[in-house]
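The number in this note's numbering is simply the position in the sequence shown, starting from 1, with 470 added.
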Amino acid sequence: MSSTATATRPRGGHGPTRALRTGRQERVRRWRASWRRRETRAAYGFISPWIVGFVLLTAGPMLASLVLSFTDYDGIGATRGVGMENYRQLFEDPQVASSLLNTLAFTVLRVPLLMALSLALAMLLNRVGRASGFFRTVFYLPVMTPKVAVGILFLLLFNGNVGLVNKVLGGFGIPGPSWTTDGNWVKPGLVLTTLWSLGATVVIYLAALRNVPEDLYEAAELDGAGRWTAFRHVTLPQMSGALFFTLVVNTIYSLQTFDEAYTAFFGTANAQTYSHEAALFYVVYLFQQAFQFMHLGYASAMSWLLFAVILVITLIQARVSRRFVYYEGDTR
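Written out as structure tokens, the structure is:
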């Protein structure tokens, strides 16, 4: 009797148990897959406003401008295809070259000066202690100032006759230049004016400085390093990621400069008294072609040329940064 029962029983006695375990694992797998699908749908639901906004306000207009760049369109009449004519005209229009050179010169002047001044202010704030929160807010508040107001501020501060800057220089016996009429001083004056909004870069640098480990400074001091050596070999490498980020962002911003220059030199009642050529930045000229001369197709081609210029400069910066930018955990 016992031998018969033993013979008919599955070996090891695990048949039903294994089947139950397999069924339970299958149910768990199905539940997890269903949970992941619900989570994915919820994630897409949360980001759907951004997706809709990106498609309608960014990707859509970009594709429309790309199509318009191959047409002759004035915003009112019928659209007429012209092929590559707009792009050929870009290389024949002297104003395109001069405005692009003005923009590049402004960028070369502004970005290094802004980064150096922001770093100096951030290092000062890092030594203030508890009061750094107050000063951080003070430095950041000008960022909220409308760019149109900054353009008007340029006219008030840098007026050659009654401007505050020239009055201060005159107090030291230094004759101030004609910032708004002398083409050699237009871009330096605009650069100094845009430094009004360096607070965002200061805040980024301050956060980067506070993330530098103190033990690195202690080790450098034990090795006999002075302040300059510690700054060069400890501070700069540790915050190189923040420096690279602000370099890229401020370069892109400078290449797209419009508000301050247009307000100061092209949007005033007495705009004809100023030197327009020195302040004719690329986006200003693009705006004129699009909304003053109604050459929307040509302006679209100009916008894609600017996109290409920014892309090339950014790729060069990213390539060069591989030698100088240090990231935590980098084993190079």
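Glycine included, every Cβ here is placed at the ideal spot set by N, Cα and C.
All figures in this text were calculated on a predicted structure; none of them were measured in a lab.
Query                                                                                                                                                                               : Result
Any idea what DSSP makes of residue 615, helix, strand or coil?                                                                                                                     : coil
Run the CB neighbour count on residue 788, radius 10 Å, all protein chains shown included, and call it buried at 16 or more, exposed below.                                         : exposed
Hey, would you say residue 737 sits closer than 9 angstroms to residue 618, going by beta carbons?                                                                                  : yes
Taking all protein chains shown into account, do 16 or more other C-beta atoms lie within 10 angstroms of the C-beta of residue 762, making it buried, or fewer, making it exposed? : exposed
Can you give me the start and stop residues for the alpha helix (DSSP H) that residue 643 sits inside?                                                                              : Counting along the chain, residue 643 falls outside any alpha helix (DSSP H), and DSSP gives it neither H nor E.
Name the residue from 666, 500, 503, 754 whose alpha carbon lies nearest to the alpha carbon of residue 616.                                                                        : 666
Straight-line CA distance for residue 638 to residue 630?                                                                                                                           : 12 angstroms
CA-CA distance, residue 732 and residue 752?                                                                                                                                        : 11 angstroms
Could you give the first and the last residue of the continuous alpha helix (DSSP H) run that contains residue 698?                                                                 : 697-700
Looking at the structure shown, is residue 549 part of a helix, part of a strand, or coil, going by DSSP?                                                                           : coil
Is DSSP giving residue 542 helix, strand or coil here?                                                                                                                              : strand
Considering only their Cβ atoms, is the gap separating residue 676 from residue 606 smaller than 9 angstroms?                                                                       : yes
Check each candidate in 502, 520, 545 and name the one with the smallest Cα separation from residue 770.                                                                            : 545
By the DSSP assignment, the alpha helix (DSSP H) with residue 691 in it spans what residues?                                                                                        : 684-692
Out of 691, 517, 659, 684, which has the shortest C-alpha to C-alpha gap to residue 627?                                                                                            : 659
Quick one: residues in its chain with C-beta nearer than 6 angstroms to the C-beta of residue 488, no 5 flanking neighbours on either side, listed in chain order?                  : none
Report yes if the CB atom of residue 592 is closer than 9 angstroms to the CB atom of residue 678, and no otherwise.                                                                : yes
Count Cβ pairs between the region 577-585 and the region 712-731 that sit closer than 8 angstroms; are there 3 or more?                                                             : yes
Under 8 angstroms by Cβ, that's how I've got residue 750 and residue 671 pegged, so tell me the actual separation to the nearest angstrom.                                          : Not quite, the Cβ-Cβ distance comes to about 27 angstroms (not below 8 angstroms), so this is no contact.
Do residue 700 and residue 690 come within 9 angstroms of each other at the CB atom, strictly closer than that value?                                                               : yes
Report buried or exposed for residue 743, applying the criterion of at least 16 other Cβ atoms within 10 angstroms of its Cβ.                                                       : Since pLDDT at residue 743 reaches only 49, below the 50 mark, its modelled position is unreliable, and the value read off the structure follows with that caveat. Flag for residue 743 reads exposed.
Hey, would you say residue 781 sits closer than 9 angstroms to residue 756, going by beta carbons?                                                                                  : no
Which same chain residues end up closer than 7 angstroms to residue 624 when comparing Cβ atoms and leaving out the 5 residues on each side of it in sequence?                      : 659, 660, 663, 730, 734
Cα separation between residue 635 and residue 709?                                                                                                                                  : 34 angstroms
Please report the distance separating the alpha-carbon of residue 765 from that of residue 614.                                                                                     : 33 angstroms
Should residue 790 go down as buried or exposed, given a rule of 16 or more other Cβ atoms within 10 Å for buried?                                                                  : exposed
For residue 539 versus residue 773, is the C-beta spacing smaller than 9 angstroms?                                                                                                 : yes
Quick one: using the 10 Å Cβ neighbour count with 16 as the cut-off for buried, is residue 528 buried or exposed?                                                                   : exposed
Between the Cα of residue 683 and the Cα atoms of 498, 558, 622, 705, which residue gives the shortest distance?                                                                    : 705
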